[in-house]
Each structure stands twice: as structure tokens, then as C-alpha cells.
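Undergrad: The opening residue of the first sequence carries number 222 in my numbering; numbering runs sequentially from there.
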Amino acid sequence: MIKRIKGTEDIYGEDASLWRFVESRFVEMALKYGYQEIRTPILEHAELFVRSVGEETDIVRKEMYIFEDRGGRKIALRPEGTAGIVRAYIEHGMSSLVSPQKFFYMGPMFRYEKPQAGRQRQFHQLGVEIFGTPSPSADAEMIALSFRYLKSLGLSQLSLHINSIGCPKCRPAYREALKNYYSEHLDELCDDCKVRYEKNVLRLLDCKVDTKLADSAPRSLDFLCEECRNHFDQLVNELKAMGIEFVIDHKLVRGLDYYTRTTFEIKHGGLGAQDAVCGGGRYDNLVEELGGRSTPATGFAAGVERIVLAMKAEKLRIPVGMERVFVVGTDSSMRTEVLKVAEELRELGFAAEVDLMERSLSAQMKYAARKNYSYVVILGEEELKSGTLSLKNMETGEQRRVPRGKLKEKIRRNER
RNA sequence: GUGACUGUAGCUCAGCUGGUAGAGCGCCUGACUGUGGAUCAGGUGGUCGCGGGUUCGAAUCCCGCCAGUCACCCCA
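(1) Does DSSP classify residue 303 as helix, strand or coil?
(2) Which of helix, strand or coil does DSSP assign to residue 645?
(3) To which residues does DSSP link residue 580 through a beta bridge?
(4) Rounded to the nearest angstrom, what separates residue 270 and residue 304 at their Cα positions?
(5) Which word fits residue 462, buried or exposed, when buried means at least 16 other C-beta atoms lie within 10 angstroms of its C-beta?
(6) To the nearest angstrom, how far is it from the Cα of residue 260 to the Cα of residue 326?
(7) Which runs of the alpha helix (DSSP H) fall wholly inside the segment 271 to 329 and span at least 4 residues, in chain order?
(8) For a quick check, are the C-beta atoms of residue 478 and residue 314 less than 7 Å apart?
(9) Measure the CB-CB distance between residue 522 and residue 339 and report whether it falls below 7 Å.
(10) For the beta strand (DSSP E) that residue 611 lies in, which residues bound it at each end?
(11) Judging by CA-CA distance, which residue of 385, 405 and 369 is the nearest neighbour of residue 379?
(12) Using the C-alpha atoms, what's the distance from residue 485 back to residue 250?
(13) Thinking C-beta only, is residue 625 closer than 7 Å to residue 611?
(14) If residue 347 sits next to residue 244, beta carbons under 8 Å apart, how far is it from one beta carbon to the other, in whole angstroms?
(15) Could you tell me the alpha carbon to alpha carbon distance between residue 299 and residue 291, rounded to whole angstroms?
(16) For the 8 Å Cβ check, are there 3 or more pairs between the segment 567 to 581 and the segment 526 to 544?
(17) Leaving aside the five residues before and after residue 452 along the sequence, list all residues of the same chain whose C-beta is less than 6 Å from its C-beta, in chain order.
(18) Am I right that residue 532 and residue 374 are in contact with their C-beta atoms under 8 Å? What's the rounded C-beta distance?
(19) In whole angstroms, give me the CA-to-CA distance for residue 277 and residue 536.
(20) With 16 other CB atoms within 10 Å as the buried threshold, where does residue 359 fall?
What follows is the structure, encoded as C-alpha cells:
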């Protein structure tokens, strides 16, 4: 038997409804804030990610799906969404459109990692990007959007963490301070951290083995230049003004090379080790680094799988859509009438299903019950003669004759 | 990439110290020729993850591989 590829998932049944809800709610919310959708290819030149995500990052060094196409080009399946959107922004000269340009997107991303709870090789992200404004208001808006969105799904065990990692002007001093601090504790570091010390000092902060050392390490906020400091202060003020609760987390550094100033993350308390459902921040230099005009930008990405896991952890229900009705005939001679009534119901805005197995009336009732229909319309000789329908409420068992034209008002909406 | 645990029907699992597969649930049909999730009866369904080895004989023991789960790394 051919099985699905490691780290990929088939989404079906109840899960598919959940996913649809998570995605459509996001689209609604992003549109409300004035964002427009952008769909970029899943395939990009591998070089794009090497230059944006960073040559030295794990994502590029060992997690990218790369292949050579028949024309000998090095192609990658996108490991994240931002790079492709920046590429599209530059390629289409969008910097000459009105600023800011605000985009939302969603779709599959690919990273060759070992799967675990909340981590797949093909995973799905939804997110936004704002181009053309250096203002902390942009950071505040997209952070607020992400947080409000997650709350609107019903999630409550959320915590928002923010930080600033400065800019190329002030970050070197901070990095130096960290290096000094850790150099005095080299022998206390775990093996992974010894590597981090050489490779990327900032990441020493999120070591899980020894958190005490990181707790008392120098804080990036204390090293910010004046511009970065003002930026951060204003972000904090705007979040407060919008009534968004957050904590300043000086240990929050993000893994992708392109971040500047603002970084943020939203964690969920009901998940396993992979507890970040959303993350992002500002990347003021990426557009220029990829060959575009110098353009400040900010954005976030949220993991759909993790959102879904979080919703399951909180046992959240989703609102039902259309009221569903099953239409049965007492025998095969009613077939035409059954089809007609089902079409009428669909026309009226209901979901209507009919038997496709040529089953007996009782078997059809059984099917309707198994599929959780709350209403069944029954058609037989008697109904046909009198121009009525029998409408059965499957929850109460109550059944009554209804004139054909009155179906709509007799079927009430209810919540699942 | 590293580590731990796991792999028998669609699902959950049983199968003791080796004698070549079972249950419950599900699914289909019927009891129920105009009425359901309950009950009863029948039916459907398995290369015992894959490949080697040991043995007269392997789901059971050994090795390798693959897959799954969780954690590390990293990240959404």
C-alpha cells in the first residue's frame, strides 16, 4: 500500500470543517483590517530563501526541500511565506503603489524536519505582511490583528510575548555584551549551547536546559539605540491603547535572520513542546537585501496545525453552517419528487441530501440519524395527494405535516 | 540529525513460555412491505509494518529497514 509521505497529513471529516473555519475566520478578519490577499507560488528559486531566511539558519542548511528541475534550475518548496511575498513585491514594482501595502496569505509550507506534536513536514501558515511603513503603529496593528483573530476562534490560553532585538546599528553592541556575559560561564553551558555560543549568541537565550543563566543575561532592550527605543516604547503604548495584554520577554529572539526591532510570539498553554502558534516581527532590511528599494516591513505567520491543536485542547466547538435536511421517499416511485424537493431546499439555502443507495425507508432513516441530521422530510403517496410534506424533527421525534411552501419557516436554525 | 517508546481488521485492542489469527466498535443486509442512533440475526473485513535469520513450525525469538508517537535540535 502506498502511504502518505512522512510528516504530511490528510485533513478530512470534522477536521476539515475545523480547518475551513480557522481559515475563513482569518480571511474575514484580515479583510476587516484592510488587508488584501496575495497568492505566491509554492515553488521558488532556492536562492531566494538562502538570501532571505539566512544561509546559516537550520531552515536553509538542513530543512529545505530542494530539487533540480528538468532545466537544471535549483528549486525549493517554500519553507516560509515572507520571502516569496517580498519577491513578488519587488518583482511587480509595488513600492510605487500607495503605501502601505498590506497583504494576507495562507497556504502550505515545507520543511524537512522530524515530525512531532505540532510539527509536520508539510505544514500550513496564515499570515500578513505590511510594506512601506516604518511606524510602530504597523507592528501594533498586525500584532493586534493576530491576537484578536486567535481570540475570535474562541482560544483563551494565549499569551503574547514581545521584544525588540534592535537594528544593525545597536545590535552588535548587544551581541558583544551577551558574548562577554556568557564567556564567563562557558563551562556551565550545555553542549548545544557551546555550539550556539560560536554560531549565534542570541539563541543562547532560549536554552531549555539552563534557563537561569539566560534570565540574568544582558537584555536587548537595554542596548537599543534611541530610534529603536522610541519605536519599542510607542509599540507598547499602542498595544496598551488597544487593550491588548502582553508581556515583555527579553529572551524572545527569533530564528530567522531578517528580523529587526520588533519580535513577537503568541504561545498557547495547551500544546506540547511546540507551543508557539504565531510569531513574527519587523524586517526593515529584507526588501533591500533582495534587490528592492529600501522598504520597511513587518508581519507575522501563524501555524494552522497548531491553532487547530489548540482549539482541540480547549475543546472548542465551531458554529454550524447551513441547516441540513435529509429527504426520503417512502419507495422508489417517489424518487422524482424527492429530487425536486431536495433541489427546492437547496434553493432556499438549506443543505439537502438524498439517498444514493436505493435503500429502504427505514434504512434511509437510519442513515439520516447516523449522519446527525436534525430534520428529515418524508414524501409518500399521502403527502403527494395533499400537497404537503412530512417534516420530522430527529431530536424530538416529533413529526408534522407541513404545506410544501411553508418548509422554510418550519425549519429553525440551531447550534451544534 | 539524536534519543525513548510503539507498529495485529477502517478504529480500539486481545493473542500467556513459538503450533500459521480473535473480540468489541464500525460498515452492509435483514427482522422493520410509510419511519431512526436501542435490540437481535447474518454478512463484510487482516500480505499480523516490510525484508532477512533461527526453527519441523514465527504475529510470537534475533537482526536490519520503514512508519508512527513524544522529546531534543529548530521553529509556525
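Even for Gly, the Cβ is constructed at its ideal location relative to N, Cα and C.
TA: A quick look at the data gives this:
(1) By 1-based counting over the first sequence, the position of residue 303 is 82. Correct three-state label for residue 303: helix.
(2) Lying before the first or after the last residue shown, residue 645 is absent from the chain, which here runs from 222 to 637.
(3) For this step, residue 580 is matched to residue 359 along the first sequence. Paired residue(s): none; residue 580 is not in a bridge.
(4) For this step, residue 270 is matched to residue 49 along the first sequence. For this step, residue 304 is matched to residue 83 along the first sequence. For residue 270 and residue 304, the distance between alpha carbons rounds to 6 Å.
(5) Against the first sequence, residue 462 aligns to sequence position 241. Exposed is the call here.
(6) In the first sequence, the residue the question calls residue 260 occupies position 39. In the first sequence, the residue the question calls residue 326 occupies position 105. Computed Cα separation, rounded: 6 Å.
(7) 279 to 283 and 303 to 312
(8) Residue 478 sits at position 257 when you count from the first residue of the first sequence. Residue 314 sits at position 93 when you count from the first residue of the first sequence. Not closer than 7 Å, so no.
(9) Indexing the first sequence from 1 puts residue 522 at position 301. Indexing the first sequence from 1 puts residue 339 at position 118. Cβ atoms of residue 522 and residue 339: not closer than 7 Å.
(10) For the purposes of this step, residue 611 is taken as residue 390 along the first sequence, with counting starting at 1. Where residue 611 is concerned, the enclosing beta strand (DSSP E) stretches over 609 to 614.
(11) Translated into positions along the first sequence, residue 379 becomes position 158. Minimum Cα distance to residue 379 is reached at 369.
(12) As a working note, residue 250 is residue 29 in the first sequence. As a working note, residue 485 is residue 264 in the first sequence. Near 19 Å, if we compare the C-alpha coordinates of residue 485 and residue 250.
(13) Numbered from 1 along the first sequence, position 390 holds the residue referred to as residue 611. Numbered from 1 along the first sequence, position 404 holds the residue referred to as residue 625. Against a cut-off of 7 Å, the Cβ pair of residue 625 and residue 611 comes out as no contact.
(14) Residue mapping note: residue 347 aligns to position 126 of the first sequence, counting from 1. Residue mapping note: residue 244 aligns to position 23 of the first sequence, counting from 1. Between residue 244 and residue 347 the Cβ distance is about 7 Å, and since that is below 8 Å, they are a contact.
(15) Walking along the first sequence from the start, residue 299 turns up at place 78. Walking along the first sequence from the start, residue 291 turns up at place 70. Using only the alpha carbons, I get a separation of about 19 Å.
(16) yes
(17) As a working note, residue 452 is residue 231 in the first sequence. The residues are 357 and 482.
(18) The residue labelled residue 532 in the question sits at position 311 within the first sequence. The residue labelled residue 374 in the question sits at position 153 within the first sequence. The Cβ separation is near 6 Å, so the contact holds.
(19) If you number the first sequence from 1, residue 277 lands on position 56. If you number the first sequence from 1, residue 536 lands on position 315. Taking the straight line from one Cα to the other gives about 40 Å.
(20) Here residue 359 refers to the residue found at position 138 of the first sequence. By the 10 Å Cβ count, residue 359 comes out buried.
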